[in-house]
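All letters in the sequence shown, in the order written, are residues -10 to 242 by my numbering. Note that the Cβ used here is the ideal one computed from N, Cα and C, for glycine as well.
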Amino acid sequence: MQKKLLVIPLLATLMLFAFNRQTTLPQRTLFLIGDSTMADKPGTPEENPERGWGQLLPEYFEETLIIKNHAVNGRSTRSFLDEGRWATVLDALQPGDYVFIQFGHNDQKENDPKRYTNPYTAYRRNLEKYVRESREKGANPVLLSSIVRRKFNENGTLIDTHGPYPLVTRMVAKDMDVPFIDLQLKTEDFVAALGPDSSKSVYLWLEPGAYARYPEGKQDDTHLNPAGARAFAGLAVEGIRELGLPLAEYLKK
-10 MQKKLLVIPL LATLMLFAFN RQTTLPQRTL FLIGDSTMAD KPGTPEENPE RGWGQLLPEY
50 FEETLIIKNH AVNGRSTRSF LDEGRWATVL DALQPGDYVF IQFGHNDQKE NDPKRYTNPY
110 TAYRRNLEKY VRESREKGAN PVLLSSIVRR KFNENGTLID THGPYPLVTR MVAKDMDVPF
170 IDLQLKTEDF VAALGPDSSK SVYLWLEPGA YARYPEGKQD DTHLNPAGAR AFAGLAVEGI
230 RELGLPLAEY LKK
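What follows is the structure, given as structure tokens:
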């Protein structure tokens, strides 16, 4: 009887702590800007198995944090600006909000002048613009390098396909004192550990006839299935914790 009496106040204290934590955290918004590897995809996983890692990110956070995913398929730092997508985000930013900035896949498209950016000039300037203008609105920018493509050589070694873009992202983060999550490195370690065959289980590798959307199947080494998107979102969360960002307070316990 005495033990039960001791347990009841303890449970009440824990519940009160959890309640206070939820009520004292101010509501914040996390904006995501980037390309298809981050973007929301239409339909249910049964209809469309492709998912962006940003689409699965809300699974890790309490509802006090609102996540608005503005990432769009095929966009680079240039086209995201030129199409007015950044202006839309900028207008919505409030002091204390966060902006996750991840580009690079499409900035590489040398034969597409609407998207290509030289990594050392235009790409760098665009990242600096996103950071500077976020801060001018009182928001907190965070830079992320691109997720790794599943490309192994004949020896079974995962090889880089992004060239200097991740390095330039890191340089901008250092020069402007911006939190940086090296998602290229984190996903590279993750995929390399899986190896050439098992790593297909996190990308959009589909058997013919498995999905009406892809009757002939698909072998996509860039985009993710739900398992891959969830795992890569978890790696981004790992980066948030490692950096000690206040944003970590909104993560589910």
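Secondary structure at Tyr49, three-state DSSP: helix, strand or coil?
helix
Which word fits Thr26, buried or exposed, when buried means at least 16 other C-beta atoms lie within 10 angstroms of its C-beta?
buried
8 Å Cβ shell around Glu51 - same chain, five flanking residues per side excluded
Gln11, Leu14, Tyr239, Leu240, Lys241
I'd like to check one pair, Arg64 with Gly32: are the Cβ atoms closer than 9 Å?
no
DSSP on Lys207, reduced to helix/strand/coil?
strand
Look up Lys163 in the DSSP assignment and say whether it is helix, strand or coil.
helix
Buried or exposed by the 16-neighbour rule on C-beta atoms within 10 Å, applied to Tyr109:
exposed
Residue from Ile136, Asp166, Lys98 whose Cα sits closest to the Cα of Glu117
Comparing Cα-Cα distances from Glu117 to each of Ile136, Asp166, Lys98, the minimum goes to Asp166.
Delimiting residues of the beta strand (DSSP E) encompassing Phe89:
In the DSSP assignment, Phe89 falls within the beta strand (DSSP E) that extends over 87 to 91.
Answer yes or no: do Thr18 and Lys57 have a C-beta to C-beta separation smaller than 9 Å?
yes
Given a cut-off of 9 Å on the beta-carbon distance, is the pair His212 and His151 in contact?
no
Can you tell me where the beta strand (DSSP E) holding Thr110 begins and where it ends?
Segment: none, Thr110 is in no beta strand (DSSP E) and carries neither H nor E.
So which of Ala225, Val161, Glu35 has the shortest CA-CA distance to Asn214?
Glu35
Going straight from the alpha carbon of Gly145 to that of Glu125, what length do you get?
46 Å
So what does DSSP say about Asn95, is it helix, strand or coil?
coil
I believe Glu177 touches Val137 by the beta-carbon criterion, under 8 Å. Please report the beta-carbon distance rounded to the nearest angstrom.
4 Å
Burial state of Asp80 (16 or more Cβ within 10 Å):
It counts as exposed.
Give me, in chain order, the residues of the same chain whose beta-carbon lies closer than 6 Å to that of Ser134; leave out the 5 immediate sequence neighbours on both sides.
Taken in chain order, the residues that qualify are Pro155, Thr158, Asp171, Leu172, Gln173.
By the DSSP assignment, the alpha helix (DSSP H) with Arg243 in it spans what residues?
Lying before the first or after the last residue shown, residue 243 is absent from the chain, which here runs from -10 to 242.
Residues near Gly43 by beta carbon distance below 6 Å, same chain, minus five either side
Leu21, Met27, Asn58, Ala60
So Ser188 and Arg139 are in contact, right, with Cβ under 8 Å, and what is the actual spacing, rounded?
5 Å
Between the CA atoms of Leu45 and Ile90 - distance to the nearest angstrom
16 Å
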